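> In my numbering, the protein residues as written are 424 to 763. To start, I am sharing the structure in question, which I have written as structure tokens.
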């Protein structure tokens with residue numbers, strides 16, 4: 424019925440967060456990919472990320488509370504106050520204010536979208552899904568609600584459905600950058616690197632962001648890994664070379680190159696690629712392992728044995744650090760409210 428609730432100063436609609444990260448694969452990859460996944464996926468609080476957005480202040484809350492008293496029948500003002508309360512961490516009050524907004528205007532699709540976001544912040548994902556679906560019933564072309572539902576589906580192990588919705592939106596709005604980013608990440612989550620690469624390459628251009636590069640690089644390297652397993656080393660090498668200059672991916676790209684060279688029995692080139700990875704990330708156990716194998720194939724056995732010992736030490740440190748991180752995160756999760 425109406426447009427999504429705009430920022431009162433800038434008039435910009437608020438943005439959805441991106442898909443929450445899928446679980447990293449087991450073993451050492453969980454440690455190695457953790458930092459990358461944290462950059463790929465983010466879920467900001469409700470009503471954050473306006474263009475030019477200023478964080479809600481106590482004064483702004485007071486101003487909105489006064490407006491609600493002056494305009495008790497204005498559903499949009501009620502929802503703006505709900506967004507402000509959510510930003511301040513007052514989720515119960517925000518939920519009550521949002522429910523009052525829906526009572527005042529029960530056919531306003533964008534209000535249901537905002538109520539869905541509040542349910543997400545509270546961890547009530549099933550209720551959030553119902554609110555998104557209600558918003559879409561009322562306003563079938565409401566992009567924010569369709570995107571929100573797709574993101575939620577991906578976060579709740581229904582990424583195939585979520586990606587389908589995103590691609591429907593992109594068929595209508597092919598230049599929608601945030602939906603395109605989320606579609607690429609959803610395809611990666613589903614293990615479809617070729618599809619992810621199609622979406623990620625469309626993000627490239629003069630206005631390419633660091634997040635675009637992270638997504639594109641991961642798509643290239645996931646596909647390179649698949650090709651390497653399939654014995655298509657030359658194609659894997661070409662993709663790794665494309666990814667090596669992208670922010671955040673140099674080490675993994677060098678490691679793909681090193682594994683390809685080992686597979687092709689090019690020990691000297693494999694050692695060179697492993698050393699390049701170690702220059703970027705000293706002590707990387709996988710790089711040390713490949714370097715040791717490459718030196719052994721060149722019959723540099725003393726050097727290979729020394730590097731193998733370093734690799735064992737590095738892997739042990741990495742496993743120990745990963746276990747400590749899991750314990751630490753578990754303790755923090757027990758002490759603090761869960762964030763979406």
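Don't be surprised by glycine CBs; every beta carbon is placed ideally from N, CA and C. As the structure is a prediction and not an experimental result, all values here were calculated from the model.
Which one of 513, 499 and 504 has the shortest CA to CA distance from residue 528?
499
> Going along the chain, which residues of its own chain have a beta-carbon closer than 7 Å to the beta-carbon of residue 716, five neighbours each way excluded?
Closer than 7 Å at the Cβ level, and outside the excluded window around residue 716, lie 685.
> According to DSSP, is residue 503 helix, strand or coil?
helix
> Residue 660 by DSSP, collapsed to three states: which one?
Residue 660: helix per DSSP, three-state reduction.
> Does the beta-carbon of residue 479 have 16 or more other beta-carbons within 10 angstroms, so that it is buried, or is it exposed?
At residue 479 the pLDDT is 47, less than 50, meaning the model places this residue with poor confidence; the figure from the coordinates comes in the next sentence. By the neighbour-count criterion, in which a residue is buried when 16 or more other Cβ atoms sit within 10 angstroms of its Cβ, residue 479 is buried.
> Out of 581, 571, 714 and 622, state which residue places its alpha-carbon closest to the alpha-carbon of residue 537.
571
> Hey, would you say residue 718 sits closer than 8 Å to residue 727, going by beta carbons?
yes
> Is it buried or exposed, residue 647, if we count other Cβ atoms within 10 angstroms and call 16 or more buried?
Around the beta-carbon of residue 647, 16 or more other beta-carbon atoms lie within 10 Å, marking it buried.
> May I ask which residues mark the beginning and end of the alpha helix (DSSP H) holding residue 547?
Looking at the DSSP string, residue 547 is not in any alpha helix (DSSP H), and its letter there is neither H nor E.
> Quick check on residue 667: does DSSP put it in helix, strand or coil?
Look at residue 667 here: in three-state DSSP terms it is coil, with no helix or strand label.
> Count the other CB atoms within 10 Å of the CB of residue 596; is the residue buried (16 or more) or exposed (fewer)?
exposed
> In this structure, does DSSP put residue 743 in helix, strand or coil?
helix
> Whose C-alpha, out of 520, 631, 666 and 518, is nearest the C-alpha of residue 644?
666
> Determine the extent of the alpha helix (DSSP H) in which residue 633 is found, giving its start and end residues.
633–652
> Can the beta-carbon of residue 524 be found closer than 8 Å to that of residue 502?
yes
> Give the range of the alpha helix (DSSP H) segment to which residue 622 is assigned.
616–625
> Would residue 714 and residue 679 be called neighbours here (beta carbons separated by less than 8 Å)?
no
> Among residues of its own chain, excluding the 5 on either side of residue 603, which ones have a beta-carbon nearer than 7 Å to its beta-carbon?
593, 622, 625 and 626
> Around the C-beta of residue 682, are 16 or more other C-beta atoms found within 10 angstroms, so that it is buried, or is it exposed?
Burial of residue 682 is indicated by the presence of at least 16 other C-beta atoms within 10 angstroms of its C-beta.
> In three-state DSSP terms, what is residue 655?
coil
> Cutting at 7 Å between CB atoms, please list the residues of its own chain near residue 550, excluding the five before and the five after it.
542
> So which of 662, 591, 656 and 600 has the shortest CA-CA distance to residue 616?
662
> With residue 711 and residue 734 assumed to form a contact (beta carbons below 8 Å), what rounded beta-carbon distance in angstroms separates them?
4 Å
> For my contact list, residue 505 and residue 544 are in at a C-beta cut-off of 8 Å; report their separation, rounded to the angstrom.
About 11 Å; that fails the 8 Å criterion.
> Check this for me: beta carbons of residue 576 and residue 582, under 8 Å apart or not?
yes
> Could you name the residues of the same chain whose beta carbon sits closer than 7 Å to that of residue 676, not counting the 5 residues immediately before and after it, in chain order?
Result list for residue 676: 644, 663, 666 and 667, in chain order.
> Under the assumption that residue 660 contacts residue 642 (Cβ atoms under 8 Å), give the Cβ distance between them as a whole number of angstroms.
In fact, because the Cβ distance is near 16 Å, the residues do not count as touching under 8 Å.
> Quick check on residue 613: does DSSP put it in helix, strand or coil?
Of the three classes helix, strand and coil, the one that applies to residue 613 here is coil, per DSSP.
> What is the C-beta distance between residue 532 and residue 565, in whole angstroms, given that I count them as a contact (C-beta under 8 Å)?
5 Å
> Please state if the CB of residue 611 and the CB of residue 640 are separated by a distance shorter than 8 Å.
no
> Just to confirm before moving on: does the CB-CB distance between residue 517 and residue 484 stay below 8 Å?
no
> Distance, Cα to Cα, residue 722 vs residue 699?
In a straight line, the C-alpha of residue 722 is about 21 Å away from that of residue 699.
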